[in-house]
Structure formats: structure tokens, C-alpha cells
Amino acid sequence: MEDEEEGEPNLHVFKASSSGKDNNNNNNGGQASVQGVKAQAWDPRTMLCNLSFMEQKIHELQGLVHLILGRNGQLQDEQQQLITADLTSIIIQLISTAGSLLPSVNMLSTTAPGSALFPFPREANNLASQTLNNGGASQELEDDAEEGENLPPGSYEIKQLEKEEILAPHTNFCTICGKGFKRDANLRMHMRGHGDQYKTPAALAKPPTKETLPGSDAPMLIKRYSCPFPGCKRNKDHKRFQPLKTILCVKNHYKRTHCDKSFTCSRCHTKKFSVIADLKTHEKHCGQNKWLCSCGTTFSRKDKLFGHIALFQGHTPAIPLEDTKPSAAASSQRGSSGCGNSNNNAAMVSFSLGSAANANQETSQPCVMDGKTSFEESFSPLSFDICNFGGFPRSIFDDSFQMLISSACGCSPINGGVGSVSDTSL
Amino acid sequence: MKKAKQIQHMISKPFDLLSEELVFIILDLVAQNPSDLKSFSLTCKWFYQVEARHRRSLKPLRAEYLPRILTRYRNTADLDLSFCPRVTDYALSVVGCLSGPTLRSVDLSRSFSFSAAGLLRLAVKCVSLVEIDLSNATEMRDAAAAVVAEAKSLERLKLGRCKKLTDMGIGCIAVGCRKLKRVSLKWCVGVGDLGVGLLAVKCKDIRSLDLSYLPITGKCLHDVLKLQHLEELLLQGCFGVDDDSLKSLTHHCNSLKNLDASSCQNLTQRGLTSLLSGAGCLERLDLAHSSSVISLDFASSLNKVSSALQSIRLDGCAVTCDGLKAIGTLCISLREVSLSKCVTVTDEGLSCLVMKLKDLRKLDITCCRKLTGVSITQVASSCPLLVSLKMESCSLVSRDAFWLIGHKCRLLEELDFTDNEIDDEGLKSISSCRSLSSLKLGICLNITDRGLSYIGMGCSNLRELDLYRSVGITDVGISSIAQGCCHLETINISYCKDITDKSLVSLSKCSMLQTFESRGCPHITCQGLAAIAVRCKRLSKLDLKKCPFINDSGLLTLAHFSQGLKQISVSETGVTDVGLVSLANIGCLQNIAAVNTRGLSPSGVAAALVGCGGLRKVKLHASLRSLLPSSLINHMEARGCSFLWKDYNNHNNSNTLQAELDPKYWKV
Numbered sequence: 001m002e003d004e005e006e007g008e009p010n011l012h013v014f015k016a017s018s019s020g021k022d023n024n025n026n027n028n029g030g031q032a033s034v035q036g037v038k039a040q041a042w043d044p045r046t047m048l049c050n051l052s053f054m055e056q057k058i059h060e061l062q063g064l065v066h067l068i069l070g071r072n073g074q075l076q077d078e079q080q081q082l083i084t085a086d087l088t089s090i091i092i093q094l095i096s097t098a099g100s101l102l103p104s105v106n107m108l109s110t111t112a113p114g115s116a117l118f119p120f121p122r123e124a125n126n127l128a129s130q131t132l133n134n135g136g137a138s139q140e141l142e143d144d145a146e147e148g149e150n151l152p153p154g155s156y157e158i159k160q161l162e163k164e165e166i167l168a169p170h171t172n173f174c175t176i177c178g179k180g181f182k183r184d185a186n187l188r189m190h191m192r193g194h195g196d197q198y199k200t201p202a203a204l205a206k207p208p209t210k211e212t213l214p215g216s217d218a219p220m221l222i223k224r225y226s227c228p229f230p231g232c233k234r235n236k237d238h239k240r241f242q243p244l245k246t247i248l249c250v251k252n253h254y255k256r257t258h259c260d261k262s263f264t265c266s267r268c269h270t271k272k273f274s275v276i277a278d279l280k281t282h283e284k285h286c287g288q289n290k291w292l293c294s295c296g297t298t299f300s301r302k303d304k305l306f307g308h309i310a311l312f313q314g315h316t317p318a319i320p321l322e323d324t325k326p327s328a329a330a331s332s333q334r335g336s337s338g339c340g341n342s343n344n345n346a347a348m349v350s351f352s353l354g355s356a357a358n359a360n361q362e363t364s365q366p367c368v369m370d371g372k373t374s375f376e377e378s379f380s381p382l383s384f385d386i387c388n389f390g391g392f393p394r395s396i397f398d399d400s401f402q403m404l405i406s407s408a409c410g411c412s413p414i415n416g417g418v419g420s421v422s423d424t425s426l
Numbered sequence: 001m002k003k004a005k006q007i008q009h010m011i012s013k014p015f016d017l018l019s020e021e022l023v024f025i026i027l028d029l030v031a032q033n034p035s036d037l038k039s040f041s042l043t044c045k046w047f048y049q050v051e052a053r054h055r056r057s058l059k060p061l062r063a064e065y066l067p068r069i070l071t072r073y074r075n076t077a078d079l080d081l082s083f084c085p086r087v088t089d090y091a092l093s094v095v096g097c098l099s100g101p102t103l104r105s106v107d108l109s110r111s112f113s114f115s116a117a118g119l120l121r122l123a124v125k126c127v128s129l130v131e132i133d134l135s136n137a138t139e140m141r142d143a144a145a146a147v148v149a150e151a152k153s154l155e156r157l158k159l160g161r162c163k164k165l166t167d168m169g170i171g172c173i174a175v176g177c178r179k180l181k182r183v184s185l186k187w188c189v190g191v192g193d194l195g196v197g198l199l200a201v202k203c204k205d206i207r208s209l210d211l212s213y214l215p216i217t218g219k220c221l222h223d224v225l226k227l228q229h230l231e232e233l234l235l236q237g238c239f240g241v242d243d244d245s246l247k248s249l250t251h252h253c254n255s256l257k258n259l260d261a262s263s264c265q266n267l268t269q270r271g272l273t274s275l276l277s278g279a280g281c282l283e284r285l286d287l288a289h290s291s292s293v294i295s296l297d298f299a300s301s302l303n304k305v306s307s308a309l310q311s312i313r314l315d316g317c318a319v320t321c322d323g324l325k326a327i328g329t330l331c332i333s334l335r336e337v338s339l340s341k342c343v344t345v346t347d348e349g350l351s352c353l354v355m356k357l358k359d360l361r362k363l364d365i366t367c368c369r370k371l372t373g374v375s376i377t378q379v380a381s382s383c384p385l386l387v388s389l390k391m392e393s394c395s396l397v398s399r400d401a402f403w404l405i406g407h408k409c410r411l412l413e414e415l416d417f418t419d420n421e422i423d424d425e426g427l428k429s430i431s432s433c434r435s436l437s438s439l440k441l442g443i444c445l446n447i448t449d450r451g452l453s454y455i456g457m458g459c460s461n462l463r464e465l466d467l468y469r470s471v472g473i474t475d476v477g478i479s480s481i482a483q484g485c486c487h488l489e490t491i492n493i494s495y496c497k498d499i500t501d502k503s504l505v506s507l508s509k510c511s512m513l514q515t516f517e518s519r520g521c522p523h524i525t526c527q528g529l530a531a532i533a534v535r536c537k538r539l540s541k542l543d544l545k546k547c548p549f550i551n552d553s554g555l556l557t558l559a560h561f562s563q564g565l566k567q568i569s570v571s572e573t574g575v576t577d578v579g580l581v582s583l584a585n586i587g588c589l590q591n592i593a594a595v596n597t598r599g600l601s602p603s604g605v606a607a608a609l610v611g612c613g614g615l616r617k618v619k620l621h622a623s624l625r626s627l628l629p630s631s632l633i634n635h636m637e638a639r640g641c642s643f644l645w646k647d648y649n650n651h652n653n654s655n656t657l658q659a660e661l662d663p664k665y666w667k668v
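If you're matching them up, the sequences are chains P and E in order.
According to the UniProt record's numbering, the first sequence is numbered sequentially starting from 1.
According to the UniProt record's numbering, the second sequence is numbered sequentially starting from 1.
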């Protein structure tokens with residue numbers, strides 16, 4: 001219906017100025033003036049309005065092209081301009097609609113109306129504008145302050161290796177037999193077997209690098225590496241690009257971040273790694289993590305656990321079975337000995353039952369289930385699941401209270417639980 | 001006919017005409033005296049029910065009665081179990097079941113023998129629990145703390161002396177109880193920086209935080225001082241808090257009103273400056289027993305807080321004259337100054353301090369032995385609004401100074417002249433302070449009955465009078481006090497050797513009397529005691545040590561009339577088994593001291609111990625330890641009673657008593 005009302009599409013509407021857009025929106029049926037890029041926060045209604053407008057626009061364009069097709073495909077200059085203009089306005093509208101989702105862009109567009117044409121200035125592949133942007137730099141500092149490297153753009157040379165290069169097991173190959181080696185030195189040792197000419201000190205010496213080459217007076221650009229994975233923060237196209245320092249860094253980064261974790265810890269059978277060195281480091285300390293969080297994560301250091309809890313909502317420290325044997329807590333968590341002393345386990349179950357926060361524990365069954373699940377959730381990494389804890393909470397609470405009540409009041413337990421206290425004793 | 005009957009019916013039940021709200025208002029007024037409330041509830045069934053509905057706070061004497069009490073009082077909101085040493089998990093589950101929805105506060109600070117399971121019942125059932133006091137639960141571990149964390153609505157939590165708690169338990173509480181406002185972790189020596197830091201991160205509403213004697217460093221204070229609403233921070237005896245860890249402290253804790261940094265041995269001027277830098281609205285500062293000298297430099301660290309500071313405590317510090325002078329000129333709005341046990345305070349220093357403090361209300365110069373009348377004269381003339389003056393053992397102060405105090409400071413309410421040279425003229429001048437409520441005249445050897453009679457005539461609001469070893473006092477002085485001060489609650493006439501039964505009879509007019517100490521009064525007999533027992537219904541503390549004429553008949557009267565008695569000492573009296581056993585009639589009795597009482601046999605003591613169900617502390621001669629069956633001792637200890645075995649020799653003969661009656665004896 002609105003198509004007819006509007007008549008000719010107004011090409012000036014989207015020429016970047018927000019006031020023009022307001023006009024258009026008024027045309028659209030006076031949806032309100034808080035529209036488009038001017039919207040401070042994301043408004044689904046505005047979004048819908050914009051989308052329907054674009055749909056309408058595309059329909060018109062379709063009609064036009066159909067018309068041209070009907071005239072044997074002869075494209076006149078006027079029509080061509082019309083189509084181009086229409087397409088441009090659609091693209092602009094699309095971008096600005098998507099841009100309204102980003103609060104930062106909103107800010108930009110409200111302060112400078114012209115920027116609505118290009119709402120992502122930071123995404124420009126321009127390193128200079130990126131690092132000169134103070135806001136971006138400070139954000140990077142906040143994100144990973146430990147990296148500390150803040151090289152000015154252009155002061156270094158960016159290299160990007162391909163995925164195959166990174167994942168290749170060998171980088172040095174024998175020109176004669178084709179055997180691959182990880183290190184250049186190993187290749188040179190291997191070459192000795194191919195003839196005496198490779199045994200000369202010159203051939204065995206480390207080939208000179210560019211830095212050590214005489215004659216290169218001009219200061220060399222520092223080399224930095226980019227990750228080939230598109231969208232990665234270490235990729236040079238990322239708006240907050242952080243270069244990698246060495247090839248080894250590239251290799252480890254790529255494996256850790258973009259590859260499957262194929263190495264599993266032989267002790268806990270839970271932790272997985274993609275770099276062997278990481279696995280070896282972990283295996284050294286695996287099982288020593290005695291600081292537990294209710295989410296199941298374990299920490300080797302108490303301050304790390306508390307940092308974790310401070311960071312996440314709803315996570316609490318999980319109290320190990322320290323009530324009975326504080327010193328034995330760590331060892332009994334290793335799984336094998338945890339099964340042995342059931343008293344300890346029962347005590348532990350009662351704690352996790354406590355954290356399950358069941359207001360009606362007299363209705364034993366569901367609460368026992370809850371206690372069990374929360375328990376298993378929090379302790380499964382420690383391979384505690386060999387033991388069945390299902391029965392303990394009930395025996396701890398209900399039975400003991402029944403005994404207490406019956407002994408105190410001289411009555412036989414009726415329903416179990418303390419719910420009967422008011423009936424029996426009074 | 002029918003109407004007449006109706007009217008008759010209405011007259012027979014006149015209280016039916018009153019709405020419950022009105023009766024509750026009446027009961028609010030009646031409740032000021034507990035025995036009145038008791039009489040009210042015993043009048044008729046309806047009164048009984050109304051009283052049961054009205055009462056909100058309970059302080060039961062025995063945990064065994066809890067089921068019955070809580071069934072009767074359905075609206076209990078505050079439950080104080082400090083009289084019940086033994087509170088089992090069963091008792092706690094009873095509390096949870098019977099008054100779970102209404103209960104708002106529980107005091108378990110004096111109770112033990114409950115575990116995490118009982119606390120869980122309490123935490124889960126009492127959904128609106130706001131306050132819980134778990135102090136002195138020395139066996140409590142993190143598991144119990146994790147259970148406390150289930151009480152999500154908790155706002156006030158006391159965990160004093162829970163020595164086995166660690167950061168993990170506090171972490172659970174911090175995550176669970178997000179609404180906490182007041183937290184006391186005093187003496188939780190297992191809790192460190194991490195636990196306190198997490199508490200500060202998670203519980204943003206904290207108003208008051210007591211971290212006294214915790215092994216914390218300045219690290220967690222960075223988080224603590226970021227709390228937006230923090231008003232009170234107590235860091236007493238935190239040895240780990242030092243200057244270096246506070247160096248980088250940048251905070252703007254403008255809500256902080258009260259800071260206690262007493263006994264922080266490693267905190268010096270540098271650390272204090274950074275601690276005070278962001279606390280511009282601080283009102284109370286406690287630096288007692290600080291390791292640094294209160295010098296001119298030190299006073300400069302108070303620069304930031306000087307405008308709002310109202311109270312400063314420098315007890316036991318080494319103060320210099322310059323330092324006091326600087327404080328006096330910097331902090332003009334000071335209302336309270338405490339220099340107790342600052343042995344280096346001189347007349348010049350104190351005079352300079354108080355010179356500009358026109359608003360000073362409270363001054364404590366206990367044991368500042370160098371002070372003379374000069375500075376006291378300065379205090380009296382510069383601080384006309386003084387309300388409290390404590391100057392125990394300022395023995396160089398001349399008699400004229402006391403006259404000036406009474407003359408200039410008419411608003412005085414609290415005076416401590418223990419061990420001073422005050423005389424009758426001084427007392428005469430002080431009697432013009434109409435609102436005086438506490439007067440301590442211990443070891444004032446210059447005062448006589450004449451001086452006391454001035455007090456009796458002038459200070460009708462007196463609540464507390466201490467005449468310990470003021471040997472010039474006789475029955476005449478006491479009777480004038482008893483005549484004039486009908487609100488008297490506490491009196492100490494220990495070692496006033498001339499006091500006889502006449503004083504006790506006259507004191508029995510003071511119906512509010514709660515504490516009566518007559519240790520070492522050789523002329524007191526059971527007749528005087530009977531007068532007190534019969535007429536002073538509120539009597540709760542009684543010291544009869546070394547009154548040789550007190551015997552069983554006195555205790556029998558006490559057992560019959562003084563049902564509110566909590567503490568009694570009958571050491572070195574003529575009491576025998578009969579008297580001691582009769583004390584079992586008093587339900588509230590908690591402390592008994594009976595050392596060197598010749599008439600006692602082991603079986604009599606044993607019977608008395610078993611009989612008194614609420615005993616918490618018993619002081620006995622060490623020889624009884626082996627004579628009493630060990631099973632009995634174990635039983636008593638399990639009931640929550642602790643023993644104090646005294647091993648001094650039997651001095652119960654007239655010669656030593658005579659020697660002790662010499663006023664200078666105690667100084668030897």
C-alpha cells in the first residue's frame with residue numbers, strides 16, 4: 001500500500017545526512033523521529049522499519065530491471081544512473097542499519113553526521129589510523145597489558161605464513177634426497193653424507209642472516225608476523241591487530257587457537273592440548289590442583305581461585321573434605337584414595353548438598369538428586385565418579401535427625417525429618 | 001433484658017473492647033519491666049495469648065525449653081541463645097521449624113555443640129534471617145561457613161574468634177550472602193587477604209567491617225576501601241598492615257566515619273597518611289598503642305581528616321608536647337580525646353591540646369601521672385561542655401582543681417576520680433552537676449560522709465557509685481546516697497570497713513539496684529543481705545567475698561527472693577553446703593565463686609553444681625578438683641560450664657583480713 005502512496009523513490013533521502021532520513025521516515029508514516037543512525041540505543045522497531053524500507057527499495061529496483069529486460073536489454077544512461085543510485089542508497093541504508101547495533105558507531109554518527117557513510121572507520125586496513133587512534137590503543141592495553149609491545153605502525157615489516165607452512169613438520173629439506181628437517185643445523189649435518197664438498201667449514205657454518213650481512217647500512221625493519229586465520233586478532237586485517245614476534249610464536253599461536261586439541265593428558269584424561277609442550281607442562285602439575293571452584297575448575301594456587309571467583313557471578317569456593325583430615329584433603333582427591341573412606345565422602349556430600357540450597361529437604365528424593373548432580377558436576381574432573389554418593393545425604397540428614405528426635409522426645413519417628421517435631425514434641 | 005445481659009457481658013470482659021493494636025501499645029509500656037510482663041501474662045488465658053503474640057524477642061535460659069517456648073511465642077523475631085551454652089543441631093532444627101518464617105536474628109555467640117547440619121537447617125528454614133552471631137565458635141570450619149552462606153538475606157554477621165575458618169569459608173559467605181552490611185571477623189586468624197578481598201569485591205553493601213587481629217596486609221585494603229558505603233573499618237592489631245603495602249593506596253572513601261588502627265605495630269606515619277588520604281569525612285580515629293611517637297610530624301598526617309574529626313584515641317602512645325599542640329590546633333571540632341595511659345603527657349601538652357577545643361565532651365586521662373592541677377584547671381576553664389572526665393590515678397592533681405571542675409563543667413555525667421586527692425569540698429562542688437550518672441571515688445581517702453551527703457542531695461540521677469576502699473565512708477554517707485539517688489543501679493562498697501547492715505537496709509530503698517559489691521566488709525550480716533534481697537528485685541550481681549558473717553540463712557533468702565541473680569561470689573564466707581545448694585533455686589545463675597569457703601564439702605559442691613542448670617563459670621579451690629568425681633566435671637563441662645581452679649592458700653583468718661582492710665595494703 002505504502003508503495004503507491006510514496007510514488008517515485010526519493011533518491012536524495014539517503015544522501016548521508018541524517019536530517020534527510022528523518023524526512024523519509026516521516027514519509028513512511030511518521031514512525032517517530034528517533035530513527036536510523038540517530039537512535040542512541042538499538043531499537044528493534046526502527047530496525048524493522050529500516051528493513052521493510054530496504055525491501056521496498058529492492059522491489060522497486062527489481063521492477064525497473066524487469067522493465068529494462070522487457071525493452072530488449074537496452075540500457076540507457078539515465079536508467080543506468082538510476083539503478084546505480086538506488087543500489088548505493090540501499091547499501092548505505094544497510095550499513096547504517098547494521099551500524100546502529102554498535103554503540104561506538106552510534107556515538108560517532110551522532111557527533112559527526114557525515115560518518116554515517118562509513119560507519120567502520122577503524123576497520124580500515126590502514127594501520128596508521130588504527131594505532132594513532134588513542135581509544136584503540138588504550139583498549140588494547142586493557143585487554144592484554146602483559147604483551148606490552150606497542151610498536152608504531154610502519155616501524156616493522158609484516159610477514160604472513162600460510163597455514164600449510166605453519167603446520168608443516170619440517171621446514172628445511174635436503175636438495176638431494178628430499179628429506180625434511182626441523183632445524184637448519186640438522187640439515188647441514190645431514191648434508192655431510194652427500195659428499196665432501198658439504199664438509200667444509202664454510203658449508204657447515206651458520207648461513208649469515210640479513211642483519212649480519214655487511215653492507216646493509218640502512219636500519220633493518222623489525223620483522224613481525226601475522227596469523228593467516230581471517231578474523232583472528234593476530235591477523236593483520238584485524239582492527240586491533242597485535243603482531244606475533246617470531247615464527248615459533250606463530251606456530252604455537254596457530255596450533256593453540258585454530259587447531260584441534262589432539263593431545264590428551266594421560267593422568268586426568270580431561271585436559272586437551274594442541275601443543276605437545278603444553279601437555280608436558282600440564283602433566284608435570286596435573287593432580288596438584290587442590291583449590292576447587294564450584295564450577296569444577298581446579299587451580300594450583302589459591303589466589304588464582306579467588307581471582308576466578310571474583311570474576312564470575314555465582315561461583316563459590318568448593319570446600320574440600322577438610323573437616324576430618326585437612327592435610328589429607330589433597331591426596332584423597334586424587335581419585336584412587338577418595339573411594340576408601342566413606343565417612344569423608346559423606347561429609348563432603350553434605351557440603352555440596354548445602355550449596356544446592358533446597359528449602360524443602362524433607363521431601364528427600366528430589367533434593368538428594370540435586371545434591372548428587374551438583375556434586376558430580378563439581379568433582380568429576382577428579383575422577384570421583386567411581387563412588388556412588390546417591391545415598392549419603394539422606395542418611396546424614398533425615399536419619400540422624402530422626403534418631404535425635406526420637407531419643408529426645410521418646411517418640412517413634414513418624415514421617416522422618418524435622419517436619420514432625422512440632423507434632424511429636426508439643 | 002438482652003441488652004442488659006450484653007452490657008454485663010462486656011463488663012465481664014472489658015478487654016474485648018480494645019483492639020489488639022491498643023493492647024500491644026499497652027504491652028510495649030509494660031515490657032519495660034520483665035516481671036510486670038510475666039504478671040500480665042499470668043492474669044488470664046486471654047492475656048496469656050495476647051502476650052505470646054506480642055513478644056518478638058526471646059532470651060531463653062535453657063535450650064531444652066526451646067520447643068515449648070517457640071510454640072508459645074509464634075512471632076519470635078529475635079532469639080538470643082547466649083544463656084544456653086549447649087545448643088545442639090536438634091535445637092537449631094527446632095528453631096528453624098517453629099519460628100523459621102518470622103526469625104530475623106539469632107545469637108549463638110555463647111553456644112556450642114552445634115554443627116554444620118544444624119546451621120543448615122537454620123539457614124534454609126529461616127528465609128528472612130538478617131542477623132546471626134556465631135562468635136566464639138572456635139571449632140567451626142569452612143564447611144559450616146559454606147552452610148551459613150545459604151542464608152541469602154543475611155545482613156549482619158559476626159564470626160569473632162572462629163579460628164578455624166579460612167579464606168575458603170569466607171569466600172563461600174562472600175558469594176552467598178550478597179546483602180551483608182556489617183561483618184565482624186575479629187580474631188579469625190585463618191582468614192587472610194584473599195578472603196577479605198573477595199568479601200569486599202562481592203558484598204558491595206558493607207557498612208562496617210571488623211578485621212581486628214587478622215593476618216592481613218595492606219593488599220586487601222585496596223579492595224576494602226573501594227566499598228562505596230563503608231562507614232566503619234576496624235584494623236586493631238593487624239600486624240601485617242605496614243607502610244609499604246599501603247603505599248600505592250588511592251581511594252576516595254568519603255563514607256568512612258570510623259577507623260580503628262590501634263595496636264597496628266607496623267603502621268607508622270607514612271602508612272597512616274596514605275590510609276587517611278581519601279577518608280576526608282572521618283569522624284573517629286583510634287590510634288591506641290601505636291608504635292610511633294605522636295610528634296609534630298605525626299600530627300601533620302591528620303591534615304586530610306582534621307576538619308571532620310570528632311574523636312581521637314591515643315591510649316598508650318608516646319605523645320610529645322608539640323604533637324598534642326598540633327592536634328589541638330588542627331582538629332578544632334574534636335569532641336572526644338582519650339590519652340589513657342600516655343605516661344609522657346605533661347601539663348603543657350594537655351593545656352595546649354584543650355585550649356581551643358571548646359566542644360570537647362569526653363576526656364580520658366587515666367594514669368597520666370605527670371599531670372597536676374595546672375592542666376586540670378585549663379581543662380575546666382576551656383571545655384565547659386565536658387560530659388565525661390576520667391582521671392584515675394592522677395594523684396598530683398591538687399584539691400582546688402576538683403572544685404573548679406564542679407564549678408565550670410555543669411554538664412558532667414561521668415566522672416572517674418579513682419585514686420585521687422579529691423576531698424569533701426570537691427564533692428560539694430561536683431554535686432552541682434545535676435545530670436551526673438556515674439561517679440567513681442575508689443581509693444579516695446580524703447572523702448567522708450559529709451562529701452557523700454552533698455552528692456546524695458544534688459545528684460538525683462546517679463546510677464553508678466564506686467566507693468572501693470574509700471575508708472572514710474560510714475553508714476551515714478551511704479544512707480544519704482540511698483535517700484537521694486533512687487535510680488542507683490550499681491554500688492561498690494568493697495573494703496569500706498565501717499559499713500554495717502544499716503547501709504544495706506537503707507540501700508534496699510533503691511529498687512533499681514542490679515550490682516552490689518561489698519567485698520571485705522566485716523560487719524555485714526545476713527539481715528542486711530535479706531533486706532536487699534527482698535526489696536531489690538533486679539539484683540543480678542552480688543559480691544560477698546570476705547564477709548565472714550554471711551552464712552546460709554542469707555543465701556536462703558537470696559535463693560527465694562532474687563530470681564534474677566546471675567553472678568555471686570561467696571568465697572571466704574561462712575556459707576556451707578545448705579546455702580550453696582539452695583542457690584540452685586535461681587534459674588538464671590551463671591557464675592559462682594566459692595573459694596576457701598570452709599563449710600563446703602565436696603558432695604555439697606557437687607550437688608549445687610548439678611542443681612544449677614545454667615552455670616557457665618565456677619571458681620573453686622584447686623583441692624576440690626581431685627575431690628570431685630571426674631565424671632561430674634566432665635558432665636559440667638559438656639553442659640557448657642568452665643572451671644577455674646584457684647590455688648592460693650587459705651587466708652581465711654582475721655589477721656589477713658585486717659591487713660587487707662588497710663587502705664594501702666593493695667599497693668604493697
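By construction, the Cβ of each residue, glycine as well, lies at the ideal position given by its N, Cα and C atoms.
Note on geometry: alpha-carbon atoms of Cys97/E and Leu66/E lie some 11 Å from one another.
Around Cys331/E, the same chain offers Ser306, Leu309 as residues with beta carbons nearer than 6 Å, after the five sequence neighbours per side are excluded. In the DSSP assignment, Asn258/E forms a beta bridge with Glu232/E, Arg284/E. Taking the Cβ atoms as the reference, Cys44/E lies roughly 30 Å from Ala63/E, outside the contact range of under 8 Å. For His315/P, the nearest beta carbon of chain E is closer than 8 Å to its own beta carbon.
Collapsing the DSSP output to three states places Tyr225/P in a strand. Inter-segment contact for the region 543-556 of chain E and the region 571-587 of chain E is present: three or more beta-carbon pairs are separated by less than 8 Å.
Those residues of the region 291-311 of chain P placed with their C-beta closer than 7 Å to a C-beta in chain E are Lys302, Asp303, Phe306, Ile309, Ala310, ordered along the chain. Under the Cβ distance rule, Ile247/P does not count among the residues neighbouring chain E, no pair being separated by less than 8 Å. Cβ contact annotation for Ser503/E (same chain, cutoff 6 Å, sequence separation greater than five): Asp475, Ile478, in chain order.
Chain order gives the chain P residues near Gly197/E as Phe306, Ala310, where near means a beta carbon separation below 8 Å.
Taking all protein chains shown into account, Ile312/E has 16 or more neighbouring C-beta atoms within 10 Å of its C-beta and is therefore buried. For Val343/E, the secondary structure class from DSSP, reduced to helix, strand or coil, is coil. Per DSSP, Ser388/E lies in no alpha helix (DSSP H) segment; the continuous beta strand (DSSP E) that holds it begins and ends at 388-390. Under the 10 Å beta carbon count, Lys280/P is surrounded by fewer than 16 other beta carbons and is classified as exposed. Ile365/E is positioned such that its CB atom lies no closer than 8 Å to that of Val387/E. DSSP lists Lys646/E as the bridge partner or partners of His621/E. Distances from the alpha-carbon of Tyr454/E to those of Leu427/E, Leu467/E, Leu439/E, Arg463/E put Leu427/E closest. Following the DSSP letters along the chain, one finds Val293/E in no alpha helix (DSSP H), marked with neither H nor E.
At a beta-carbon threshold of 8 Å, none of the residues of chain E lie near Ile90/P; the nearest stands roughly 49 Å away. For Thr490/E, the enclosing beta strand (DSSP E) has its first and last residue at 490-492. Rounded to the nearest angstrom, the Cβ distance from Ala77/E to Arg110/E is 20 Å, too far for a contact under 8 Å. For Gly176/E, same chain residues with a beta-carbon under 7 Å away, outside a window of 5 residues either side, are Ala149, Glu150, Lys152 in chain order.
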